[in-house]
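Chains as they are written, first to last, in the UniProt record's numbering: chain A, 1 to 509; chain B, 1 to 509; chain C, 1 to 509; chain D, 1 to 509.
Ideal Cβ positions, reconstructed from N, Cα and C, are used throughout, including at glycine.
Predicted model, so just to flag it, every value in this text is computed and none were measured.
Protein chains: 4
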Amino acid sequence: MQPAQTGTMNHGYDFPRQIQFANQEEKQEFSKFPTKTGRRSLSRSISQSSTDSYSSAASYTDSSDDETSPREKSQVNSKGSSDFCVKNIKQAEFGRREIEIAEQDMSALISLRKRAQGEKPLAGAKVVGCTHITAQTAVLIETLVALGAQCRWTACNIYSTQNEVAAALAESGVSVFAWKGESEDDFWWCIDRCVNMEGWQANMILDDGGDLTHWVYKKYPSVFKKVRGIVEESVTGVHRLYQLSKAGKLCVPAMNVNDSVTKQKFDNLYCCRESILDGLKRTTDVMFGGKQVVVCGYGEVGKGCCSALKALGAIVCVTEIDPICALQACMDGFRVLKLNEVVRQMDMIITCTGNKNVVTREHLDRMKNGCIVCNMGHSNTEIDVASLRTPELTWERVRSQVDHVIWPDGKRVILLAEGRLLNLSCSTVPSFVLSITATTQALALIELYNAPESRYKQDVYLLPKKMDEYVASLHLPNFDAHLTELSDEQAKYMGLNKNGPFKPNYYRY
Amino acid sequence: MQPAQTGTMNHGYDFPRQIQFANQEEKQEFSKFPTKTGRRSLSRSISQSSTDSYSSAASYTDSSDDETSPREKSQVNSKGSSDFCVKNIKQAEFGRREIEIAEQDMSALISLRKRAQGEKPLAGAKVVGCTHITAQTAVLIETLVALGAQCRWTACNIYSTQNEVAAALAESGVSVFAWKGESEDDFWWCIDRCVNMEGWQANMILDDGGDLTHWVYKKYPSVFKKVRGIVEESVTGVHRLYQLSKAGKLCVPAMNVNDSVTKQKFDNLYCCRESILDGLKRTTDVMFGGKQVVVCGYGEVGKGCCSALKALGAIVCVTEIDPICALQACMDGFRVLKLNEVVRQMDMIITCTGNKNVVTREHLDRMKNGCIVCNMGHSNTEIDVASLRTPELTWERVRSQVDHVIWPDGKRVILLAEGRLLNLSCSTVPSFVLSITATTQALALIELYNAPESRYKQDVYLLPKKMDEYVASLHLPNFDAHLTELSDEQAKYMGLNKNGPFKPNYYRY
Amino acid sequence: MQPAQTGTMNHGYDFPRQIQFANQEEKQEFSKFPTKTGRRSLSRSISQSSTDSYSSAASYTDSSDDETSPREKSQVNSKGSSDFCVKNIKQAEFGRREIEIAEQDMSALISLRKRAQGEKPLAGAKVVGCTHITAQTAVLIETLVALGAQCRWTACNIYSTQNEVAAALAESGVSVFAWKGESEDDFWWCIDRCVNMEGWQANMILDDGGDLTHWVYKKYPSVFKKVRGIVEESVTGVHRLYQLSKAGKLCVPAMNVNDSVTKQKFDNLYCCRESILDGLKRTTDVMFGGKQVVVCGYGEVGKGCCSALKALGAIVCVTEIDPICALQACMDGFRVLKLNEVVRQMDMIITCTGNKNVVTREHLDRMKNGCIVCNMGHSNTEIDVASLRTPELTWERVRSQVDHVIWPDGKRVILLAEGRLLNLSCSTVPSFVLSITATTQALALIELYNAPESRYKQDVYLLPKKMDEYVASLHLPNFDAHLTELSDEQAKYMGLNKNGPFKPNYYRY
Amino acid sequence: MQPAQTGTMNHGYDFPRQIQFANQEEKQEFSKFPTKTGRRSLSRSISQSSTDSYSSAASYTDSSDDETSPREKSQVNSKGSSDFCVKNIKQAEFGRREIEIAEQDMSALISLRKRAQGEKPLAGAKVVGCTHITAQTAVLIETLVALGAQCRWTACNIYSTQNEVAAALAESGVSVFAWKGESEDDFWWCIDRCVNMEGWQANMILDDGGDLTHWVYKKYPSVFKKVRGIVEESVTGVHRLYQLSKAGKLCVPAMNVNDSVTKQKFDNLYCCRESILDGLKRTTDVMFGGKQVVVCGYGEVGKGCCSALKALGAIVCVTEIDPICALQACMDGFRVLKLNEVVRQMDMIITCTGNKNVVTREHLDRMKNGCIVCNMGHSNTEIDVASLRTPELTWERVRSQVDHVIWPDGKRVILLAEGRLLNLSCSTVPSFVLSITATTQALALIELYNAPESRYKQDVYLLPKKMDEYVASLHLPNFDAHLTELSDEQAKYMGLNKNGPFKPNYYRY
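What follows is the structure, given as structure tokens:
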């Protein structure tokens, strides 16, 4: 059992770090933060830490690892450098293969490398980065390097590092400080090693969660002032930037890449459409045909889940609080009902609300024998799992991530991932989805680094729609898709530039 | 051939009226107007004039009508009033039945009547209205009356009036000035009769297209200044209001109901999903299974068309200019290709772009025998129909709205509705969809009429999201949908008011 | 009430003709006949008599027709022949155009003409035929002529003849005896004229319903004995042939084309998938999204209806008596419930059972206001319409084929086509579907006419699977489908002939 | 690499056992055997041996097992019996839990236990069984015991035994002789121990593959003659029975349960619809949206695969040799093309033909980089994997069941399960599907054991349709489905017995 694992995803609020929350109110602030979408995408990027043995090369090597702390080891890569700290530099070859496999589905980044390489748009950029260290982020980092940047990197999460990948990066010359299973002290030590380098001063920050940004802001204010731009991917980090900005303390332009259209659609609608089936199958081998399912919440996540389940023959109904989303559910062919009206007859209950205590003990008491309960929403608040930790109920761990909670009368409820995110814990995220985010991050860095000073003030910016469109266009070749070009006449008729942007900002897609 | 018919839909720019366009530039302005969504919804509201004999009661009575102009007739309703001008007051009974049938699918308006009737929120309101005169708008008008308003009404289109419905309205006491087949002179005469009433001065305007608004603005400036609010439904009308506002001449708050979420989704995505199949079947009896179809444009309209056609077994591909929409098409399972790559092998070609000359003569020359070409987009510009009016091609009208265009080698292309909107010409719009627009209009009137003076300035406003949600909630009972309510704890956790609004303004649904 | 109207479709058993039923028991025999599939396909072929004004050219000319009986007219075609009897030979040109349009979707027949024309496989064949006289059957008849046959033709139904098409056939030299609105006496007179021709003796029979066959059997036994083969399309006709065979009186080999795989799948699953939406839209303009629908019966017809309705956003449940079909419904994502459990909340009720009194007065009493009730099954027995003919209920005909039945409390139930087949009455059948049946008929004639005497005994035969496959293969070019050929090695491995048949007889497809 | 694994599934023909094939011709006979359906279902039942660590309890215990042969161990269960031979009787508790979990999805068997228990319809039956030994078959065996039978059991496959389950069965008193990893000698030893029991003589045989049947037939002819009935599940076994029958050597009635409707539909259409996505995800984490896929073969297996892939957003085309199936593919919305026309552009290639060398080296040479190739058909013949074992190609095993085959130019083709059945190797089969087969087997035993002698001759019988319907009805409660009952009037009208059977034998479902 890994109770801390969810915590690791949403470290902003799930385990205490002094720098993040000055006090309890600030923490509550985060808890109130409204858009589930945001939180999801934060946690999304860690999905490589899935426990599924298929999806990670970690299994090949981790088991034989020694227990010495990397901080105490003295390691040198084949070029003689020791400006890094990873678990085991010898795993570099394994990591390289994982990176190569990831590259196959991240051809947008590769094509970005090729298009921009001649001009080296990041020449002179000194980027400090703090993200999950996975094969996919390695492709991003190596793209930045190919575009001219110098990079120093650390992990945004104490569990999510793929050690082999970190080794491969270190071997290739990136100064990376990260390993799987850092202590909290290690975590900050790594961030500090990343920033605090004699004779080298960062001028760009790429962050996921805001910890690096705040470390620089607090500890190295003089560095912070000279940074040209910050690129932030997560809801939590974006939220912290807006707070800084509101308080008048953000002296650097920052780019919010979390809210780009492509990222949102892929991280939510499309990705959940793919992963809901996968997560359920891997954990329970359940047959979908004819199963009665209630999906709580019909936002993008719920829409993706409903679409996939219905397509495979499940009989799906929906709960909603928002009448507009409810009307959409109706028109899409789903009954909209209250959970307590249907809970007795359901075979599966899936939460996608971003809210808390959507499934209560009372609901759980009324479920039928064999009902599967899981969460696709965010964090681990949607299902009141704590309410099941009572003496009269027996917990039986039947597989990894699968508990049978047994009532005195023998009724079993099948709880997945202890109410944590199913698709994070029990399925994987395709490299293609991560490619979209990574490409967006690279473009945002290029934009901020090269923009004339007047273009961006000391504020938080959304990605210009044209760049959003550009990210999309870089991913079309994966589908062998052929875009149509506007003729001059048509562009004039529509009042559009032939190269976009093609839609007004409020367009809903 | 009915070249004027399209014109009648988009009268704002399709046939000349002095008041509308001061000069050619202004007309060009309109032509450049970018959002197809808008234009669609403009034209959408005329769909009651469908030629389909099933869907209109008109056929029962029109054929026996005399040819005397209504302006020359002297008619009195059963209560002795003659303050109206319709084709034939004796058709009132037929019209009443049509209204009653429409009421069955517009229960949101009926429930609005009931909820608000006690307090008569429109008591004292004197509303002049200019819309299509159909069974569905009659339900709206009679709702306004039930809420306390006095109404005078005229038609926004010279062809779209259902004479029986106008008669029923006149019989029930509404001063209505409209008939099917007005001349342009009649059109303005009716508007004037509607506004220019001794001892009665309008204080609210409900408009569809902006003609009434501009008539009052130009001819009765003193009335205009005292109007409390304008509610405008169409893109064209909204555009004209923005122009007025920009020019500093809008001295009245106006509500743009065209861009509400519910209206947009229903007028485009859901409505086209329903009507594309209907329009094609009624005109061609074509079998969908296995047919190769290209849909040009993957906006909401294209999404609706693709979804329905794929569901019925057609093999669909898509053309797009916007890479984001193209990426969505890919993920939704459609090849994205250029029209000239696929045109030879297609069985059907459907335009949904809002652009012009998307299907050119060159494309038409390369289509295979029996290819069906139609337009779901807007106006009649998407298919270059004019290019088919050449001597070597033979036109054969095989059914109403269906032409075979025959090449010298015998190849036939099947052109529907002469390139005008298929679902406008050849299918119907469910009353339920129109109910959403009508309810929004009624709420906008109530809001503007009752709002404290300070709330709205002399500008054009979008419907508050909360009212959008309210419109949706009024339509949920049609689906027997049961909304979930937030608990206090949940509302606090989400930072939401329990009664909404539930989403930020930028939420994409 | 028009009890005879269905009868007109299935004249074999629905209105009295002495020759058909010796007594009431025999008629009951027919009524007990179990397979709905069969009956459906019988009635299917009349769908050209749809009332939809779009789908038939009849409207162009019929209204101006005089009332003189064709039997009293003296008509001559342009070649001087008067060996025919149609409504008006002058309508030939209109009919020719309808035939040409039909040919476009019946390219399998055209290609059969081309492939077999050189050898004239029907040279010497003298075919008497009795089918619906429509554009599609005209394509069949002219194909037979092109293959060498001499044809004399009559109608199997007193209402279904397209007069223009009959005229076109007569003009082209086929001796056709048929018009729309024959009396029963006319009906038998036409059959007799078709058979009883001085100096010409039929050697092949193509029948739809068995009336022609029985007329020849009874009246011209000497002709009957010399016939080389009978091809019968309808369930009723096939049933009568089996009875004859059982009684030892069938002295001619007969081919049952009703039960071929392609015909069955197209006449039921695929055709209903297309027509259920069409029939509902044309009559009621109903919106499908979010509607609650119960489909009674999950055979091929029910499967087609459910698939289409679900795809357009309806929420569908199913009733079944057969546990295997019920299990399929479950796996396909439909709740299986009893009608009385769900009848109160349904927006639409569709019968597809082939049974009687599936929807009873008791069900009708419990339906909600506005509920639509219709029948896709067979005949008019599934809904107990007679039970609605009681004084306390008011019937209101609101459109062609649409009745509102009004309860004393104002509740309206919307009954379509008075419980007769919806897709027969209110939608059309694509020519492509009819092409499959017609091609099968043509091949069956060729097979019986050319087979060595030993191949077929005096019995009723199913179409050899290889011919069924051949019919399918002739229709693949419509879809530009490319079949794969077995290699020698593969054919040997599978134990198959490279040219088929590819499946055992019991294969379920 | 486990080249023998497929062999283990289809042991009847994939590795030599003297008793099975007298000579090479007989083996060839089997190889020619045409219906893939049959072979699939044979192999299907072994799916519990999936390598997926989630789906098998084996992982808990196997690794710690000692290497002593069970034949050399002396084990006693808690009741003192030693009449069994399993890996380790101490694992019984683990196995019991697995059996209990399986029971939850096999409620039809449980309900059969309850319905038939009072009368003990198998009292006196002495059943020898030879099947895969899994949790699901344990539920079957214990049902037989509950119905009165005495059972002795052995494994039909040397690899597929779940040792814990075998232990649990032995503990509960069933004489079971089976363990995972038997040698061929062990295999026959176990069968013999099962049959050859002093003072106990089998009177019923339940077989999967025919090995047990043939052992009894050859070695114990006197026992064979007194057997009351044989129930055989697999295509191979059924084929061998037909051969015996044809040779006049079958002196016992046998029941072919392989070809029952419910089993066929579930083992093929529905099961593949579920498992194709699962198998692909678990091995490759591939994203389905927008992927171009060709499915070779549009039988039930292909239909299931296509339906699922299309539903998740893949763009699917089909290859077919049979024009009828090809026409179905067209109507279902899939292009039908030849593999060599499309192979270059495909992202995935899935074989479902039952044929050999469908994907050749030539095809593999033309695939694009990253193309995934897998087999859902049968055996390992569909993809010519052997052709890839050439020196210029590099094989890289990247995960369990996943090989990258690398061309000299760097192109990688991703081969799953070395061309063996994907869903067997890389996904699981829901207990519900296995429940249908097991229930059918139990009913077939009851029928043969209790039938009056005259009912069944010495021949191979299909399950009576009524029993097929009964199996289905026992599974409806899983879906909370409510069957409708025919009224007397309706039953009479349809000519049906109210309790079924409801369809003629040739009905296609």
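By the three-class DSSP mapping on this structure, what secondary structure does Ala314/B have? Correct three-state label for Ala314/B: coil.
Please state the DSSP three-state secondary structure of Tyr461/C. Of the three classes helix, strand and coil, the one that applies to Tyr461/C here is strand, per DSSP.
According to a CB-to-CB cut-off of less than 9 angstroms, which residues of the segment 451–485 of chain A neighbour chain B? Answer set for the segment 451–485 of chain A: Lys465, Asp468, Glu469, Tyr470, Val471, Ala472, Ser473, Leu474, His475, Leu476, Asn478, Phe479, Asp480, Ala481, His482, Leu483, Thr484 and Glu485.
Collapsed DSSP secondary structure at Ala326/A in the structure displayed: Helix, per DSSP.
Going by other Cβ atoms of all chains shown within 10 Å of its Cβ, with 16 needed for buried, is Ser82/D buried or exposed? Note on Ser82/D: under 16 other CB atoms within 10 angstroms of its CB, so exposed under the neighbour-count rule.
Residues within the segment 249–267 of chain C neighbouring chain E, beta-carbon criterion of under 9 angstroms: Absence of chain E from the displayed structure is noted, the protein chains being A, B, C and D.
Proximity test, Cβ basis, 9 angstroms: Gln441/B and chain A: Not an interface residue.
Gln162/C to Thr134/C, Cα distance in whole Å? One alpha carbon belongs to Gln162/C, the other to Thr134/C, and they sit about 5 angstroms apart.
On a Cα-Cα basis, can you pick out the residue from Gln292/C, Gly124/C and Arg366/C that is closest to Asn340/C? A check of alpha carbon separations from Asn340/C across Gln292/C, Gly124/C and Arg366/C identifies Arg366/C as the nearest.
Could you check if Val373/B is buried or exposed, using at least 16 other CB atoms within 10 Å of its CB as the buried criterion? Taking all protein chains shown into account, Val373/B has 16 or more neighbouring C-beta atoms within 10 Å of its C-beta and is therefore buried.
What does DSSP give as the partner residue(s) for Phe177/B in the beta ladder? Beta-bridge pairing by DSSP links Phe177/B to Cys85/B and Thr154/B.
Expressed to the nearest angstrom, what Euclidean distance is found between the alpha-carbon atoms of Leu244/C and Leu250/C? Linking Leu244/C to Leu250/C through their CA atoms gives a straight-line distance of about 5 angstroms.
Anticipated Cβ contact below 8 angstroms, Arg147/C with Leu122/C, distance rounded: Just to set this straight, residue 147/C is Leu in the shown sequence, not Arg. Between Leu147/C and Leu122/C a beta carbon distance of about 4 angstroms is seen, short of the 8 angstroms cut, so the two are scored as contacting.
Do Gly297/B and Thr351/B have their beta-carbon atoms positioned less than 9 angstroms apart in this structure? Yes, the Cβ-Cβ distance between Thr351/B and Gly297/B is below 9 angstroms.
Which partner residues of Asp365/D appear in the DSSP bridge assignment? Paired residue(s): none; Asp365/D is not in a bridge.
By the DSSP assignment, the beta strand (DSSP E) with Val127/A in it spans what residues? Element bounds for Val127/A: Lys126 to Thr131.
List the residues of chain A whose Cβ lies closer than 7 angstroms to the Cβ of Arg508/B, in chain order. Ordered by position in chain A, the residues that pass the 7 angstroms Cβ test against Arg508/B are Arg508 and Tyr509.
What residue ranges within the segment 187–246 of chain A form continuous beta strand (DSSP E) runs of no fewer than 3 residues, ordered along the chain? With a minimum length of 3 residues, the continuous beta strand (DSSP E) runs that stay inside the segment 187–246 of chain A are 204–207 and 229–232.
Buried/exposed call for Trp200/A, threshold 16 Cβ in 10 Å: Exposed is the call here.
Any chain A beta carbon closer than 9 angstroms to Leu337/B: Leu337/B counts as touching chain A.
Closer than 8 angstroms is the cut-off here; do at least three beta carbon pairs connect the segment 76–94 of chain C with the segment 155–170 of chain C? As far as the Cβ criterion goes, the segment 76–94 of chain C touches the segment 155–170 of chain C, which means the pair count is three or higher.
Would you mind reading off the limits of the alpha helix (DSSP H) that contains Glu403/A? Checking the sequence shown, residue 403/A turns out to be Asp, not Glu. Not the alpha helix (DSSP H): Asp403/A falls in the beta strand (DSSP E), residues Val402 to Ile406.
Coarse secondary structure for Thr353/B, derived from DSSP in three states: If DSSP states are grouped into helix, strand and coil, Thr353/B belongs with coil.
Please state whether the Cβ-Cβ distance between Met331/C and Phe266/D is less than 9 angstroms. Result yes, Cβ atoms of Met331/C and Phe266/D sit closer than 9 angstroms.
Report the rounded CA-to-CA distance for Leu231/C versus Val471/D, giving the unit in angstroms. Checking the sequence shown, residue 231/C turns out to be Val, not Leu. Val231/C and Val471/D: Cα-Cα distance of roughly 39 angstroms.
So, with DSSP's three-state summary, where would you put Val413/D? Under the three-state reduction of DSSP output, Val413/D falls in the strand class.
Just to confirm, is the Cβ distance from Ile406/A to Thr390/A under 9 angstroms? With respect to the 9 angstroms criterion, Ile406/A and Thr390/A are not classified as neighbours on the basis of their beta carbons.
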